[in-house]
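Take a look at the structure set out below.
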Amino acid sequence: MKQLAFIFTFYISTIGVSLAQLSPEKETLLDSIFQEWNQPGMPGGSIGVMQDGRIIYSKAFGLASLDFGVPNMPNTLFNIASVSKQFTAMAIVRMAEKGLLSLDDDVRKYLPEIPDFGQTITFKHLIHHTSGLRSVHYMLGLAGWRGDDVRTNEDVFRFVTMQKDLNYPVGERYGYCNTGYVLMALVVERLSGKSFAEWMKSEVFEPLSLEHTYVEDNYTRVVPNNASSYYHSEGVVFERALDYWNYTGAGNIHSTTEDLLLWAKNLYSPKPGWENAFEKMKDVGIYSNGQPSNYAFGLYVDEYGSQKRIHHSGSIGGFRAQIATFPDLNLSISILSNFSSSNLGQKLNGVSEIILDNDGTSNSQSELPQQVMQDVDPNLAILIKGSYWDTYEKRVFQIEKKGQKLFVVAESSERLLQHLGDGEFSIKDADGRKLKFDIQNEEVSSAKSISKEGIENVWIPLGENSFSASELKDFEGEYYSGELQTSYWFKIEGDHLVAYHPRHGEIPLERLTSNAFKGRWPALIVEFVLNPDGKSAEVMLSNDRVKNLKLSRPS
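The opening residue of the sequence shown carries number 1 in the UniProt record's numbering; numbering runs sequentially from there.
This is the structure in structure tokens:
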């Protein structure tokens, strides 16, 4: 009887609220996308679809708690992670409307403790991820923090005040940065005299009737109806992803799929008095070269299935979140889940294809017209094949020839190169990115990876290099960073160099160039800076969201 009661309760959790505008065929197709979550002992999530202000699909699948067998429901709360960013951006927009700040203000006007980098960082730079600041998790990782260390806004701010350099010049390029959104939450608190959670509740959530949405600034608090989150990978049992996230602004808003749909409705039918604010939310950033980005106010703006789309994803612990709005169709989709391998991006595409009645082909991702493609000269293919070092991304890329086609390969990624002529190639499915080879005297002197916005990364050909283990002796020793307030030690083990940090242990290093090495998290790339005599006095650490952070030998 207990088992029957559970099954009945579980079945109820998948019942929708209003399906009057959705055909039975489409409802069945949507159900099929999430049926894999309806297995014993399986987490899952919640999904909602709204069109013209009416929820046409709202269901939940799987378990909110594996420990107690509690099913997910349409009103289950999930941590929405970086989907929170659009709410923080709205807080800054509303404060600007009240005359408390300007979006073009120097952030140091409100947070003077931030170092003067010789370039003005505005709220727009923080919002559009063009500030050049180090991103919190990647910065703290290099400082020795492990994944399960609790971190607060105060922790993030303390490290920001110690930064010596930026990842890149302000406004030059896009670099996803949680730090900027934490700083905006701190500005809201300083200007309002309230906690970010209190201000968001009274000024955003309540006025927009988001009754189940709140900022979680105390991870130890018990709030009923919250799902637990779980780590999971293929062949591994589910493991609890314990909460340790105590920062706000960049994430840690909890909400439901239906509340998120109410919020997203404002992107095509804003509540009276909020028209200007939600219109501003759609404004994309402008790089210093005058080209537009595709990132607006905590939202990406692009096309999907030939339709304009406004969307964002989120990931923290085992929680995953997706929200997308098609403003010209008065259509929004929200999906929340509580396990790490839920593949929400793929599921969002599947839902979008069913609702839009197409295959989801995006104009921005389609191949260039066939007539502009040119055959690759075999001599050119031989010339450009080989390994290249991306001086910004700090990655090695391979140009490989397979049959009659050329591919650019990096780790597990492989993308077709489409020849445009004159040593220029389009990289398929790379959002308009191109490769341009500079060929001098029958040799590639360099190459440039060029984004559709005109932002260039220089690629240096590596050639066939052999390195002597004896050279590693010049790199040994301690290197200290005042920015991180920590040291790394480098030593030779056998014929390899190893990095050591007290909290991360030994990090084996694979040699890439004469002075660059590949490690593992958090020191993904280690580059030694050589003096004229060939001795190393400095080392630069880089990972996905921290570039060229310098450490020096103690004097």
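Glycine included, each C-beta is placed from N, C-alpha and C at the ideal position.
All of these numbers come straight from a predicted model, not from anything done at the bench.
Next on the checklist: Tell me the DSSP secondary structure of N363 in three-state form.
Outcome noted: Taking the first residue of the sequence shown as 1, we reach residue 363 at position 363. For N363, the predicted structure reports a pLDDT of 40, less than 50, and the residue's modelled location is therefore unreliable. A value from the coordinates is still provided. N363: helix per DSSP, three-state reduction.
Checklist entry - Nearest to L103 by alpha carbon, out of I316, Y488 and M281? => result Within the sequence shown, the letter at position 103 stands for residue 103. Residue M281 is the option with its Cα nearest to L103.
Next on the checklist: Less than 9 Å between CB atoms is the rule here; does A499 satisfy it with respect to chain D?
Outcome noted: In the structure shown, chain D cannot be found, because there is only a single protein chain.
Checklist entry - What residues match up with residue 605 in a beta bridge as DSSP calls it? => result What the structure shows of the chain is the stretch from 1 to 555, and residue 605 is not part of that stretch, so it cannot be assessed.
Checklist entry - Looking at W489 and H504, is the spacing between their C-beta atoms short of 9 Å? => result Indexing the sequence shown from 1 puts residue 504 at position 504. Indexing the sequence shown from 1 puts residue 489 at position 489. No. Outside cutoff.
Checklist entry - Does the beta-carbon distance from A356 to I310 come in below 9 Å? => result In the sequence shown, counting from the first residue as 1, residue 356 sits at position 356. In the sequence shown, counting from the first residue as 1, residue 310 sits at position 310. The residue you asked about is not Ala; residue 356 is Leu in the sequence shown. Against a cut-off of 9 Å, the Cβ pair of I310 and L356 comes out as no contact.
Item to check | For H496, the residue or residues it bridges with in DSSP | outcome: To locate residue 496, count along the sequence shown from 1; it is residue 496. Answer is E493.
Checklist entry - Based on the DSSP secondary-structure assignment, which residues constitute the bridge partners of T161? => result Your numbering for residue 161 matches position 161 in the sequence shown. DSSP, once it has assigned bridges, lists no residue as partnering T161.
Checklist entry - Excluding the five sequence neighbours on either side, which residues of its own chain have a C-beta within less than 6 Å of the C-beta of A321, listed in chain order? => result Walking along the sequence shown from the start, residue 321 turns up at place 321. I80, A81, V83, G314 and L336.
Item to check | Straight-line Cα distance separating G454 from N289 | outcome: By 1-based counting over the sequence shown, the position of residue 289 is 289. By 1-based counting over the sequence shown, the position of residue 454 is 454. When rounded, the distance between both Cα atoms is 8 Å.
Next on the checklist: Tell me which residue opens and which closes the beta strand (DSSP E) that D429 is part of.
Outcome noted: In the sequence shown, counting from the first residue as 1, residue 429 sits at position 429. Here D429 belongs to no beta strand (DSSP E), and DSSP marks it neither H nor E.
Next on the checklist: Considering only the alpha carbon of each residue, which of E471, T486, A516 and Y479 lies closest to G494?
Outcome noted: In the sequence shown, counting from the first residue as 1, residue 494 sits at position 494. Residue E471 is the option with its Cα nearest to G494.
Checklist entry - Who are the near neighbours of E476 in its chain, counting only those whose CB is closer than 7 Å to its CB and skipping five residues on each side? => result By 1-based counting over the sequence shown, the position of residue 476 is 476. So the qualifying residues of the chain are F490, K491 and I492.
Next on the checklist: For a quick check, are the C-beta atoms of D243 and T220 less than 9 Å apart?
Outcome noted: Within the sequence shown, numbered from 1, the residue matching residue 243 stands at position 243. Within the sequence shown, numbered from 1, the residue matching residue 220 stands at position 220. Yes, these two residues count as a Cβ contact at 9 Å.
Item to check | Among E353, S555, S445 and M139, nearest to L541 - alpha-carbon criterion | outcome: In the sequence shown, counting from the first residue as 1, residue 541 sits at position 541. When only C-alpha atoms are compared, the closest one is M139.
Checklist entry - In this structure, what does DSSP give as the bridge partners for F397? => result As a working note, residue 397 is residue 397 in the sequence shown. For F397, which the question treats as bridged, DSSP gives the partners Y388.
Checklist entry - How many whole angstroms separate the CB atoms of N276 and G45, which I take to be in contact at a CB cut-off of 8 Å? => result Locating residue 276 in the sequence shown gives position 276, counting from the first residue. Locating residue 45 in the sequence shown gives position 45, counting from the first residue. Between G45 and N276 the Cβ distance is about 34 Å, and since that is not below 8 Å, they are no contact.
Item to check | Where D31 falls: helix, strand or coil (DSSP) | outcome: Locating residue 31 in the sequence shown gives position 31, where the first residue counts as 1. In this structure, D31 counts as helix in the three-state DSSP scheme.
Item to check | Sequence-distant residues of the same chain with beta carbon closer than 6 Å to S65, five excluded per side | outcome: What you label residue 65 is simply residue 65 of the sequence shown in a count that begins at 1. Cβ neighbours of S65 beyond the five flanking positions: S228.
Checklist entry - Going along the chain, which residues of its own chain have a beta-carbon closer than 7 Å to the beta-carbon of F467, five neighbours each way excluded? => result Against the sequence shown, residue 467 aligns to sequence position 467. Closer than 7 Å at Cβ, skipping near neighbours: R511 and S514.
Item to check | P43: CB within 8 Å of a non-hydrogen atom of the ligand PLP | outcome: The ligand content of the structure shown is nil, which means the ligand PLP is not present either.
Item to check | Check whether A430 and F437 have beta carbons under 9 Å apart | outcome: Start at 1 with the first residue of the sequence shown, and residue 430 comes out as number 430. Start at 1 with the first residue of the sequence shown, and residue 437 comes out as number 437. For A430 and F437, no; Cβs fall outside 9 Å.
Next on the checklist: Using CA atoms only, rank isn't needed, just tell me which of Y174, Y231, K434 and G69 is closest to I127.
Outcome noted: Residue 127 sits at position 127 when you count from the first residue of the sequence shown. Of Y174, Y231, K434 and G69, the residue nearest in Cα terms is Y174.
Item to check | Contained beta strand (DSSP E) runs [length at least 3] in the region 214-287, N- to C-terminal order | outcome: 253-255
Next on the checklist: If distances are taken between C-alpha atoms only, which option among S32, T179 and L262 comes closest to F205?
Outcome noted: As a position in the sequence shown, residue 205 is number 205, starting the count at 1. Of all alpha-carbon atoms in S32, T179 and L262, the one lying nearest the alpha-carbon of F205 is that of L262.
Checklist entry - Shortest alpha-carbon distance to I316 belongs to which of R240, P224 and S412? => result Sequence index remark: in the sequence shown, residue 316 carries index 316 (1-based). Checked all of R240, P224 and S412; the closest Cα to I316 is R240.
Item to check | Contacts around F61, its chain only, beta-carbon distance under 7 Å, and the 5 residues preceding and following it disregarded | outcome: One-based indexing of the sequence shown puts residue 61 at position 61. Closer than 7 Å at the Cβ level, and outside the excluded window around F61, lie T14, F34, W37, N38, G44, G45 and N72.
Checklist entry - When you compare each of E211, R108 and R94 to N75 by their alpha carbons, which one comes out closest? => result Numbered from its first residue, the sequence shown carries residue 75 at position 75. Comparing Cα-Cα distances from N75 to each of E211, R108 and R94, the minimum goes to E211.
Checklist entry - Is Y181 helix, strand or coil by DSSP? => result To locate residue 181, count along the sequence shown from 1; it is residue 181. DSSP, read as helix, strand or coil, puts Y181 in helix.
Item to check | Complete runs of the alpha helix (DSSP H) confined to the region 45-128 [at least 4 residues] | outcome: 85-97 and 123-127
Item to check | Residue from D149, L133, D105 and K124 whose Cα sits closest to the Cα of F117 | outcome: For this step, residue 117 is matched to residue 117 along the sequence shown. Selected option, being the one with the closest Cα: L133.
Item to check | Extent of the continuous beta strand (DSSP E) to which G505 belongs | outcome: Position 505 of the sequence shown, counting from 1, holds the residue named residue 505. Segment G505 to P508, the beta strand (DSSP E) holding G505.
Next on the checklist: Using C-beta distances below 6 Å, list every residue in its chain close to T325, excluding the 5 sequence neighbours before and after it, in chain order.
Outcome noted: Translated into the one-based positions of the sequence shown, residue 325 becomes position 325. Contacts found: A264, L267, I310 and S332.
Checklist entry - With DSSP run on the structure shown, which of helix, strand or coil describes I354? => result Working through the sequence shown from its first residue, we reach residue 354 at position 354. Residue state, collapsed to three classes: helix.
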